[in-house]
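Protein chains: 2
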Amino acid sequence: MKKESLYLKIAKVMEEQISTETLKLGDKLPSIRSVQKLYNVSINTAKQAYLELESKSLIEPRAKSGYFVSKASMRKFPLPSIGKFKASAQEKQPEDLISKVFNTFEDKTISHFSLGVPDKSMLPIAKLNKGVINVVRRLNDDWASYEPVQGSVNLRRGIAKWSLVLEGKITEDDLVITSGAMNAIFNCLMAVTKPGDTVAIESPVYFGIVQIIKSLGLKAIEIPTHPITGVDLEAIKKVLPQLNACCFISNFSNPLGCLMPDEHKIELVRMLTTYDIPLIEDDLYGNLFFGPTRPKPCKAFDESGIVLWCGSVSKTLAPGYRVGWVAPGKYKEKIIRQKLLQTISTPSLYQEVIADFLEHGRYDHHLRMLRSKLYTSCLKFQRAIEEYFPSNTKISQPQGGFMLWLELDKKVDTAELFDIAIKQKISFAPGRMFTQYNQYNNCMRLNYGLEWNAQVEADLKRLGRLIKAVY
Amino acid sequence: MKKESLYLKIAKVMEEQISTETLKLGDKLPSIRSVQKLYNVSINTAKQAYLELESKSLIEPRAKSGYFVSKASMRKFPLPSIGKFKASAQEKQPEDLISKVFNTFEDKTISHFSLGVPDKSMLPIAKLNKGVINVVRRLNDDWASYEPVQGSVNLRRGIAKWSLVLEGKITEDDLVITSGAMNAIFNCLMAVTKPGDTVAIESPVYFGIVQIIKSLGLKAIEIPTHPITGVDLEAIKKVLPQLNACCFISNFSNPLGCLMPDEHKIELVRMLTTYDIPLIEDDLYGNLFFGPTRPKPCKAFDESGIVLWCGSVSKTLAPGYRVGWVAPGKYKEKIIRQKLLQTISTPSLYQEVIADFLEHGRYDHHLRMLRSKLYTSCLKFQRAIEEYFPSNTKISQPQGGFMLWLELDKKVDTAELFDIAIKQKISFAPGRMFTQYNQYNNCMRLNYGLEWNAQVEADLKRLGRLIKAVY
């Protein structure tokens with residue numbers, strides 16, 4: 021306990037320096053070694069102090085140059101609260117609410133802050149179309165029949181090569197192509213669990229994962245999730261013996277946008293390996309990082325094959341293509357069998373188009389632009405919310421992806437607010453969608469993956485006014 | 021019992037006339053009214069006698085002109101036996117055998133009598149390619165994002181219009197697009213059953229259906245299936261109270277190629293309606309009929325919405341597109357929810373290509389050619405088998421589709437024969453794949469959906485020789 025208070029004390033001093041602007045936006049912080057000497061503490065304590073500041077998003081590391089005061093440190097609104105561990109009986113599922121929100125998607129006159137994909141203005145659609153025509157001409161008659169169950173060799177080779185972040189850990193042979201990442205998760209859960217099993221998930225959690233879990237007759241345990249550092253490892257430790265699988269979005273989870281630090285990933289994989297518990301890792305946002313480098317997935321630290329690493333291009337390139345994949349580790353044969361009996365094979369054409377896109381560096385080029393657009397959009401959304409929303413709003417600090425999670429005054433019921441907002445052609449995702457319990461009723465998820473313009477700003481302003489009007 | 025022997029007696033007399041060629045191939049039979057007068061029996065008895073002859077494929081009805089001696093009446097080899105009702109404990113699943121057969125598909129030097137799709141030489145691939153390019157150009161940027169969960173409106177409208185056989189029973193709103201028919205069946209089973217439930221299936225049965233059933237923790241009851249008239253209704257009646265669902269290929273089932281007569285379909289739907297048991301009807305071969313008209317599905321006789329009618333273009337047009345559908349009757353909302361959580365949506369592009377193909381009559385045109393090719397190929401295969409296979413071979417009499425089911429001498433183990441044949445670059449589907457019990461070991465399924473040529477004939481000759489060699 022003594023050691024803990026020491027690093028917290030140091031962190032607190034520096035937090036004060038940042039809030040009083042003794043340390044200004046962009047300033048370089050003293051090196052960890054200087055902190056060690058200055059406070060006469062161990063290297064570890066100094067490191068922990070910086071980790072604490074980083075976890076609050078006050079400082080950020082830059083490759084090979086140390087720590088800097090972050091832009092996020094300038095935020096006015098605090099972070100949303102962390103969910104409590106719930107063991108209460110299962111409550112009414114929010115399926116009707118989810119259906120209601122989904123049913124508005126086709127109306128193009130609505131501002132879709134509720135969508136789970138970036139707006140198509142951010143996607144290279146003309147290039148993809150050209151790609152389709154090229155592939156049709158090239159493949160001739162080879163694409164109309166069933167292809168290998170595991171998926172296109174070209175695409176698998178492309179994904180393996182391009183997954184630099186895994187440092188050569190996977191080859192084309194380790195991958196299975198699926199119909200999007202959700203289908204990968206569905207297959208993974210079918211392969212590693214049986215009805216009645218228990219799966220740990222984040223909280224708040226992407227509602228699709230809860231629905232899959234329920235549909236397979238599984239139980240979900242919601243693990244409290246920190247808006248910056250992700251799932252709480254201590255909480256997982258407590259329930260480890262009950263778990264049959266974990267299913268987490270380790271990088272920029274949906275809806276919180278949190279990023280598990282490498283240390284947490286390493287510890288998580290270590291714990292799960294000991295108990296031989298499979299980790300279904302949904303890494304579909306990993307390439308949408310705002311920091312200096314692409315964060316590693318847990319898969320990078322997995323030596324025994326317990327991590328089933330899932331990805332897709334649905335959130336970054338072509339949602340409608342339904343091209344995803346999984347590197348299922350030691351569960352590969354099971355996954356292939358699952359896929360065979362559920363869908364036989366994945367359509368070839370789209371796979372080849374994506375393979376081309378990867379091979380010619382076009383995907384990297386597109387991702388660079390997309391990340392920069394998303395980061396700008398994120399800052400503008402945050403600023404607008406700080407300006408137009410009630411002053412007691414809490415707001416997440418995503419480090420990637422395109423989702424904001426907002427916690428409003430306890431008196432606001434966002435499911436009711438949705439009905440009011442939709443009449444004004446504004447849509448968002450009410451918090452109740454993201455949990456199996458009766459909680460997050462005063463929260464909402466906003467998609468900022470769209471081009472910033474006067475209309476968007478006006479809509480956020482109106483939304484802020486609607487919120488202010490309800491209490 | 022008296023009545024039964026009466027119609028059988030009449031049928032036997034006429035069977036004799038056919039076998040002695042008193043009634044020759046193509047001859048018109050006396051009208052039912054003449055039979056009634058001639059034998060002094062009721063109309064019903066006369067009808068039953070003809071139904072008996074039809075069920076043996078000795079005669080065939082032609083629209084508005086009565087009954088004729090059929091080509092099939094000239095067959096030399098008898099029909100395969102009907103499976104027995106098995107209640108024995110579950111035996112080893114044939115998954116390894118299935119994987120072994122599937123693993124040979126990529127080798128293009130092998131004669132693939134084992135495939136479950138027509139050869140691509142029978143498919144209009146150039147036209148489909150042109151269709152893809154047209155759609156990409158037309159849709160511009162509308163196809164890269166998620167589309168309605170239920171699937172493309174154009175495609176659903178096309179299928180509804182073109183399902184003349186349902187006589188206006190379904191509209192675009194009744195359909196849900198899936199990733200092929202297998203995926204439709206998977207969704208249907210997930211929607212209408214829970215683990216531990218019991219599903220009635222054919223026997224022999226398409227192995228994919230057994231695998232899905234097992235993977236969902238369901239039990240399968242194999243219903244004895246007549247090679248001409250399909251599932252035995254009496255057998256179903258016996259197990260009705262135990263059933264939670266049925267899953268049948270009513271038109272040209274795989275592997276038997278049998279066709280349930282309308283009377284059977286009506287009676288089946290009636291029985292299941294009484295017990296409120298859903299019928300998952302896989303009608304993916306229905307358009308590949310050799311008779312005068314497209315047979316009706318059970319769905320056509322369903323008034324209460326218990327039939328989930330599944331179809332696809334995988335067996336007739338574009339296997340690799342993975343475009344299928346289901347008209348789920350009263351289970352529609354459940355199916356939409358299932359689809360949403362498993363795959364979000366189906367890729368738009370292929371759906372639009374198929375919709376175009378339907379709209380401009382190209383599909384009908386293609387089907388007419390395909391049916392004629394398949395029928396010719398079927399006759400040539402049967403003739404070759406009669407010539408080259410042992411004389412105690414039994415052979416099915418498909419009335420549509422592109423599968424032949426062969427029963428060989430009891431001493432032949434077709435799983436062993438497969439290993440020998442594959443070394444000689446000939447592949448077929450061993451009978452053991454098509455059941456959950458230890459039976460059909462001396463059976464095989466042959467795909468005749470390929471262009472007849474000297475190579476095919478030579479391969480059948482070699483296969484016949486291999487069979488003769490093993491006993």
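Chains as they are written, first to last, in the working numbering: chain Y, 21 to 491; chain W, 21 to 491.
Glycine is no exception: its CB is placed at the ideal position from the N, C-alpha and C atoms.
In chain W, which residues lie less than 7 Å from Y/VAL156 when you measure between Cβ atoms? Translated into positions along the first sequence, residue 156 of chain Y becomes position 136. Those within 7 Å of Y/VAL156 in chain W are ASN149, VAL152, ILE153.
Going along the chain, which unbroken runs of the alpha helix (DSSP H) with 4 or more residues stay wholly within the segment 183 to 229 of chain Y? 201 to 212
CB-CB length for W/ALA204 against W/CYS330, believed under 8 Å: Along the second sequence, one-based indexing puts residue 204 of chain W at 184. Along the second sequence, one-based indexing puts residue 330 of chain W at 310. Yes, they are in contact, since the Cβ atoms of W/ALA204 and W/CYS330 sit about 4 Å apart, within 8 Å.
For the beta strand (DSSP E) holding W/ASP302, just list the boundary residues, first then last. Within the second sequence, the letter at position 282 stands for residue 302 of chain W. Its beta strand (DSSP E) spans residues 299 to 302.
Who are the Cβ neighbours of Y/GLU115 in its own chain at under 8 Å, not counting the five residues just before and after it? The residue given as residue 115 of chain Y occupies position 95 in the first sequence. Hits under 8 Å: GLN231.
Any chance you could list the beta strand (DSSP E) runs of at least 3 consecutive residues sitting entirely within the segment 386 to 431 of chain Y, in chain order? 423 to 427
Closest to Y/LEU195 by CA distance: which of Y/TYR351, Y/MET453, Y/LEU428 is it? The count along the first sequence starts at 1 and reaches residue 195 of chain Y at position 175. Nearest of Y/TYR351, Y/MET453, Y/LEU428 to Y/LEU195, Cα basis: Y/TYR351.
Return no unless some Cβ of chain Y is closer than 8 Å to the Cβ of W/LYS22. Start at 1 with the first residue of the second sequence, and residue 22 of chain W comes out as number 2. Low confidence applies to W/LYS22: its pLDDT is 46, below 50, so where it sits in the model is not reliable enough to give any reading.
In its own chain, which residues sit with a C-beta less than 8 Å from the C-beta of W/CYS398, not counting the 5 before and 5 after it? Counted from its first residue, the second sequence places residue 398 of chain W at position 378. Closer than 8 Å at Cβ, skipping near neighbours: PHE310, PRO418, PHE422, LEU424, TYR468.
Should W/GLY200 and W/ALA375 be called a contact, given that it needs their Cβ atoms to be closer than 8 Å? As a first step, residue 200 of chain W must be located in the second sequence, where it is residue number 180. As a first step, residue 375 of chain W must be located in the second sequence, where it is residue number 355. Cβ distance not < 8 Å, so W/GLY200 and W/ALA375 don't count as in contact.
In the structure shown, what three-state DSSP assignment does W/THR129 receive? Taking the first residue of the second sequence as 1, we reach residue 129 of chain W at position 109. Reduced to three states, the DSSP call for W/THR129 is coil.
Buried versus exposed, by CB contacts within 10 Å (16 or more), Y/MET389: Residue numbering aside, residue 389 of chain Y sits at position 369 when the first sequence is read from its first letter. It is exposed - the Cβ of Y/MET389 has fewer than 16 other Cβ atoms within 10 Å.
Let's test the definition: count the other Cβ atoms within 10 Å of the Cβ of Y/VAL289 and tell me whether it reaches 16, buried, or not, exposed. As a working note, residue 289 of chain Y is residue 269 in the first sequence. Its Cβ being crowded by 16 or more others within 10 Å, Y/VAL289 is buried.
Interface partners of Y/GLN358 on chain W, CB under 9 Å: Here residue 358 of chain Y corresponds to residue number 338 of the first sequence, with the count starting at 1. Those are SER235, listed as they occur along chain W.
Tell me the DSSP secondary structure of Y/MET464 in three-state form. Here the question's residue 464 of chain Y lines up with position 444 in the first sequence. Strand at Y/MET464.
Assuming W/TYR226 contacts W/ASN264 under a Cβ cut-off of 8 Å, what Cβ separation, rounded to an integer in Å, is found between them? Position 206 of the second sequence, counted from the start, is the residue given in the question as residue 226 of chain W. Position 244 of the second sequence, counted from the start, is the residue given in the question as residue 264 of chain W. 20 Å between Cβ atoms; not a contact.
Below-8 Å beta-carbon distance, W/GLN362 vs any chain Y residue: Numbered from its first residue, the second sequence carries residue 362 of chain W at position 342. Interface residue, yes.
Can you tell me whether Y/CYS278 is helix, strand or coil according to DSSP? For the purposes of this step, residue 278 of chain Y is taken as residue 258 along the first sequence, with counting starting at 1. Three-state result, Y/CYS278: coil.
Would you say W/THR198 and W/LYS319 are within 8 Å of each other, going by their C-beta atoms? In the second sequence, counting from the first residue as 1, residue 198 of chain W sits at position 178. In the second sequence, counting from the first residue as 1, residue 319 of chain W sits at position 299. Against a cut-off of 8 Å, the Cβ pair of W/LYS319 and W/THR198 comes out as no contact.
Along the segment 220 to 246 of chain Y, what residues have a CB closer than 7 Å to any CB found in chain W? GLY228, GLN231, ILE232, SER235, GLY237
Measure the C-alpha to C-alpha separation of Y/GLY151 and W/GLU167 and round it to an integer number of angstroms. As a first step, residue 151 of chain Y is located in the first sequence; it is residue number 131 there, counting from the start. As a first step, residue 167 of chain W is located in the second sequence; it is residue number 147 there, counting from the start. Straight-line Cα distance between these residues: approximately 20 Å.
Residues of its chain near W/GLN262, where Cβ-Cβ distance is below 8 Å and the 5 sequence neighbours each way are ignored: Within the second sequence, residue 262 of chain W is the residue found at index 242, counting from 1. Taken in chain order, the residues that qualify are THR218, ILE241.
What residue ranges within the segment 61 to 95 of chain W form continuous beta strand (DSSP E) runs of no fewer than 3 residues, ordered along the chain? 79 to 82, 86 to 89
Have a look at W/LEU308 and W/CYS463 and give me their C-alpha separation to the nearest angstrom. On the second sequence, residue 308 of chain W is found 288 positions in, with the first residue counted as 1. On the second sequence, residue 463 of chain W is found 443 positions in, with the first residue counted as 1. Rounded to the nearest angstrom, the two C-alpha atoms are 24 Å apart.
Three Cβ pairs or more, each shorter than 8 Å: is that satisfied between the segment 470 to 480 of chain W and the segment 403 to 415 of chain W? yes
Closest Cα partner of Y/THR293 within the set Y/CYS278, Y/LYS257, Y/MET280, Y/PRO312: Residue mapping note: residue 293 of chain Y aligns to position 273 of the first sequence, counting from 1. The option with the nearest alpha carbon to Y/THR293 is Y/LYS257.
Quick one: is Y/SER273 near chain B, going by C-beta distance under 8 Å? In the structure shown, chain B does not exist; the protein chains are Y and W.
Does Y/SER54 pass the burial test, meaning 16 or more other C-beta atoms within 10 Å, or should it be called exposed? Taking the first sequence and counting its residues from 1, one reaches residue 54 of chain Y at position 34. Flag for Y/SER54 reads exposed.
How would you list, in chain order, the residues of chain W whose beta-carbon sits under 8 Å from the beta-carbon of Y/GLU126? Along the first sequence, read from residue 1 onward, the residue named residue 126 of chain Y stands at position 106. What Y/GLU126 touches in chain W: PRO168.
Residues near W/SER90 by beta carbon distance below 7 Å, same chain, minus five either side: Working through the second sequence from its first residue, we reach residue 90 of chain W at position 70. So the list reads SER77, LEU78, ILE79, GLU80, once near-sequence residues are dropped.
C-alpha gap between Y/GLY344 and Y/VAL333, whole angstroms: Walking along the first sequence from the start, residue 344 of chain Y turns up at place 324. Walking along the first sequence from the start, residue 333 of chain Y turns up at place 313. Taking the straight line joining both Cα atoms gives about 6 Å.
Under 8 Å Cβ to Cβ from W/ASP121, same chain only, skipping five residues before and after it: list those, please. For the purposes of this step, residue 121 of chain W is taken as residue 101 along the second sequence, with counting starting at 1. Contrary to the premise, residue 121 of chain W reads as Val rather than Asp in this sequence. So the list reads SER134, PHE438, SER447, ALA449, PRO450, MET453, once near-sequence residues are dropped.
For Y/VAL61 and Y/TYR70, I'd like the C-alpha separation in whole angstroms. Position 41 of the first sequence, counted from the start, is the residue given in the question as residue 61 of chain Y. Position 50 of the first sequence, counted from the start, is the residue given in the question as residue 70 of chain Y. The alpha-carbon atoms of Y/VAL61 and Y/TYR70 are separated by roughly 13 Å.
Which residue or residues does DSSP assign as beta-bridge partners of W/PRO450? Counted from its first residue, the second sequence places residue 450 of chain W at position 430. Paired residues: W/MET464.
Please identify, using Cβ separations under 8 Å, the residues of the segment 181 to 205 of chain Y that lie next to chain W, in order along the chain. SER199, GLY200, MET202, ASN203
Would you identify the three-state DSSP class for W/LEU328, choosing helix, strand or coil? Sequence index remark: in the second sequence, residue 328 of chain W carries index 308 (1-based). Three-state result, W/LEU328: strand.
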